[in-house]
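Everything below concerns the one structure shown next.
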Amino acid sequence: APAQPRAASFQAWGPPSPELLAPTRFALEMFNRGRAAGTRAVLGLVRGRVRRAGQGSLYSLEATLEEPPCNDPMVCRLPVSKKTLLCSFQVLDELGRHVLLRKDCGPVDTKVPGAGEPKSAFTQGSAMISSLSQNHPDNRNETFSSVISLLNEDPLSQDLPVKMASIFKNFVITYNRTYESKEEARWRLSVFVNNMVRAQKIQALDRGTAQYGVTKFSDLTEEEFRTIYLNTLLRKEPGNKMKQAKSVGDL
Amino acid sequence: APPEWDWRSKGAVTKVKDQGMCGSCWAFSVTGNVEGQWFLNQGTLLSLSEQELLDCDKMDKACMGGLPSNAYSAIKNLGGLETEDDYSYQGHMQSCNFSAEKAKVYINDSVELSQNEQKLAAWLAKRGPISVAINAFGMQFYRHGISRPLRPLCSPWLIDHAVLLVGYGNRSDVPFWAIKNSWGTDWGEKGYYYLHRGSGACGVNTMASSAVVD
Numbered sequence: 367a368p369a370q371p372r373a374a375s376f377q378a379w380g381p382p383s384p385e386l387l388a389p390t391r392f393a394l395e396m397f398n399r400g401r402a403a404g405t406r407a408v409l410g411l412v413r414g415r416v417r418r419a420g421q422g423s424l425y426s427l428e429a430t431l432e433e434p435p436c437n438d439p440m441v442c443r444l445p446v447s448k449k450t451l452l453c454s455f456q457v458l459d460e461l462g463r464h465v466l467l468r469k470d471c472g473p474v475d476t477k478v479p480g481a482g483e484p485k486s487a488f489t490q491g492s493a494m495i496s497s498l499s500q501n502h503p504d505n506r507n508e509t510f511s512s513v514i515s516l517l518n519e520d521p522l523s524q525d526l527p528v529k530m531a532s533i534f535k536n537f538v539i540t541y542n543r544t545y546e547s548k549e550e551a552r553w554r555l556s557v558f559v560n561n562m563v564r565a566q567k568i569q570a571l572d573r574g575t576a577q578y579g580v581t582k583f584s585d586l587t588e589e590e591f592r593t594i595y596l597n598t599l600l601r602k603e604p605g606n607k608m609k610q611a612k613s614v615g616d617l
Numbered sequence: 029a030p031p032e033w034d035w036r037s038k039g040a041v042t043k044v045k046d047q048g049m050c051g052s053c054w055a056f057s058v059t060g061n062v063e064g065q066w067f068l069n070q071g072t073l074l075s076l077s078e079q080e081l082l083d084c085d086k087m088d089k090a091c092m093g094g095l096p097s098n099a100y101s102a103i104k105n106l107g108g109l110e111t112e113d114d115y116s117y118q119g120h121m122q123s124c125n126f127s128a129e130k131a132k133v134y135i136n137d138s139v140e141l142s143q144n145e146q147k148l149a150a151w152l153a154k155r156g157p158i159s160v161a162i163n164a165f166g167m168q169f170y171r172h173g174i175s176r177p178l179r180p181l182c183s184p185w186l187i188d189h190a191v192l193l194v195g196y197g198n199r200s201d202v203p204f205w206a207i208k209n210s211w212g213t214d215w216g217e218k219g220y221y222y223l224h225r226g227s228g229a230c231g232v233n234t235m236a237s238s239a240v241v242d
């Protein structure tokens with residue numbers, strides 16, 4: 367069925383209303399952060415709602431983003447054509463300052479708005495992850511369990527930002543993190559929250575016994591982590607040719 | 029291959045190191061292998077210098093990455109490796125300060141190993157820790173346990189991290205490789221990563237190699 371407003375503050379698919387404009391722009395800016403010119407996504411349609419409490423507003427947004435084609439192996443892992451993403455954002459506005467609490471995007475595999483509820487890898491994946499997570503409640507450490515339970519809570523729970531901020535604070539203390547400014551700290555918090563969602567997905571899709579969660583790299587974006595710590599030369603260059611070792615039976 | 033093996037308990041593996049904010053995993057993987065080969069052939073465990081490779085191996089790109097196969101050649105051509113104490117790790121490239129007189133370890137050659145994991149296990153148990161390259165999918169958030177990502181998520185074609193196989197075994201019937209990483213002891217299981225064995229998980233079998241010490 368076509369999306370219908372579920373509450374007075376709910377906006378159906380369309381260009382962002384004045385009320386949703388600022389948090390939507392902020393979410394888009396966060397999405398594009400670190401991306402080179404020519405690879406940045408542009409906003410399509412938006413829907414969402416706002417819940418106000420005290421001096422803060424919590425925006426739950428869904429937006430379609432158009433990504434330009436990517437053929438540069440330094441930027442994207444595989445060549446991809448132009449694609450539409452369906453993203454779910456949660457933005458907290460407190461005294462005019464925005465914090466991105468959640469970002470989750472996936473390619474849209476049907477034409478999205480106007481034709482009913484969008485179907486995407488993101489929404490399908492979330493449902494699968496949710497069911498898988500419930501099957502293994504005892505396999506996680508305490509910290510990660512608390513993150514998982516937070517992520518499974520009502521996204522409009524007033525406690526969510528506070529609890530997530532508390533877990534982030536523990537991370538900052540544990541790994542002795544210092545940030546140059548409050549803006550940097552807010553950005554790292556949003557990266558951290560996104561990473562917890564990523565870790566949850568990796569956890570759900572692992573067929574071994576591994577547990578994933580908060581690590582000392584949890585405040586780094588995927589791009590930062592790959593650039594700083596990994597070694598993509600391994601897949602690009604043939605290297606020095608070596609002799610084949612004899613198997614141990616031949617020694 | 030024996031059903032399980034662990035070179036850590038046999039004194040062939042130095043403590044877990046930390047590459048810092050530098051893509052020098054290739055150097056740590058290779059020094060780990062040479063440390064093991066030297067121990068098994070000469071009887072002494074020495075912690076060897078990655079910084080020498082960052083500074084002096086001109087075929088590789090220091091913190092921007094490198095290849096174990098190139099590093100073996102560099103060690104051979106330079107005339108050996110100094111110890112960690114003599115040429116300590118800085119985590120960024122400097123000018124080459126290698127001194128042949130200070131080299132404590134040499135290698136004669138290097139070899140590429142089989143992609144068959146059973147043969148790799150047999151080789152490891154008989155000949156020592158193995159340098160391998162893997163797809164690091166999920167490792168940013170890995171805490172403990174045996175990792176086995178779905179194959180499409182951890183393609184053997186997208187290799188981006190070099191590490192050291194130091195042992196193998198089974199935990200509750202799940203076969204694993206014990207992998208020494210170079211991200212410090214405050215990551216993973218005291219610096220170690222456990223990856224599923226026998227399924228080519230994350231390309232663990234695609235780029236296995238070792239130095240040869242005669």
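Top line first, the protein sequences correspond to chains C and L. Sequence positions in the first sequence follow this note's numbering and run 367 to 617. Sequence positions in the second sequence follow this note's numbering and run 29 to 242. Ideal Cβ placement from N, Cα and C applies to all residues, glycine included. All of these numbers come straight from a predicted model, not from anything done at the bench.
- With a cutoff of 7 Å on beta-carbon distance, PHE169 (chain L) and TYR595 (chain C) are scored as not near each other.
- Residues of chain C with a Cβ closer than 9 Å to the Cβ of LEU178 (chain L) are, in chain order, LEU571, ASP572 and ARG573.
- At the C-beta level, GLN79 (chain L) and SER210 (chain L) stay beyond 7 Å of one another.
- Two segments are said to touch when three or more pairs of C-beta atoms, one from each, lie closer than 8 Å; by this definition the stretch 147-164 of chain L does not touch the stretch 533-552 of chain C.
- Separation of the CB atoms of GLY400 (chain C) and THR598 (chain C) is rounded to 17 Å, and the pair is thereby denied contact status at 8 Å.
- Scanning its chain for C-beta atoms nearer than 8 Å, with the 5 sequence neighbours on each side dropped, one finds around CYS182 (chain L) the residues ASN163, PHE165, GLY166, ALA229, CYS230 and GLY231, in chain order.
- Boundaries cannot be given for LEU596 (chain C), as no beta strand (DSSP E) includes it and DSSP labels it neither H nor E.
- Residues of the stretch 53-86 of chain L whose Cβ lies closer than 9 Å to any Cβ of chain C, in chain order: CYS53 and TRP54.
- At a Cβ-Cβ threshold of 7 Å, GLU433 (chain C) and LYS449 (chain C) count as neighbours.
- Between the stretch 41-61 of chain L and the stretch 97-113 of chain L, the count of Cβ pairs shorter than 8 Å is three or higher; the stretches touch.
- Between the stretch 145-162 of chain L and the stretch 190-203 of chain L, the count of Cβ pairs shorter than 8 Å is three or higher; the stretches touch.
- Going by DSSP, ILE568 (chain C) is part of the alpha helix (DSSP H) stretching over 548-570.
- Classified as buried, LYS469 (chain C) has 16 or more neighbouring CB atoms from the shown chains inside 10 Å of its CB.
- Judged by beta-carbon spacing, TYR100 (chain L) lies beyond the 7 Å limit of ALA206 (chain L), meaning their Cβ atoms are not closer than that value.
- Bounds of any beta strand (DSSP E) do not take in THR59 (chain L); it lies within the alpha helix (DSSP H) bounded by 53-70.
- According to DSSP, residue pairing for PHE455 (chain C) in a beta bridge involves C:LEU427 and C:LYS469.
- Annotation: ALA388 (chain C) is outside any beta strand (DSSP E); the continuous alpha helix (DSSP H) that includes it extends over 384-398.
- In the same chain as LEU186 (chain L), and ignoring 5 residues on each side of it, the C-beta atoms closer than 6 Å to its own belong to ASN163, in chain order.
- As a beta-bridge residue in DSSP terms, LYS609 (chain C) pairs with L:VAL139.
- For the pair HIS172 (chain L) and GLU217 (chain L), the CB atoms are nearer than the 7 Å cut-off.
- Chain L has no Cβ within less than 7 Å of the Cβ of ARG415 (chain C).
- Here LEU424 (chain C) really is in contact with VAL416 (chain C); their C-beta atoms are around 7 Å apart, less than 8 Å.
- Along the stretch 98-162 of chain L, the alpha helix (DSSP H) occurs as fully enclosed runs of 4 or more residues at 145-155, listed in sequence order.
- Under the Cβ criterion of 7 Å, GLY48 (chain L) is not counted among the residues facing chain C.
- Sequence-distant partners of TRP215 (chain L) (beyond 5 residues in either direction) whose C-beta falls short of 8 Å from its own C-beta, in its chain, are TYR170 and ASN209.
- DSSP places ASN536 (chain C) within a helical segment (H, G or I) once states are collapsed to three.
- Annotation: ASN542 (chain C) has no Cβ neighbours in chain L at a cutoff of 8 Å; minimum Cβ distance is about 10 Å.
- Using a CB distance cut-off of 7 Å, ASP34 (chain L) does not count as an interface residue toward chain C.
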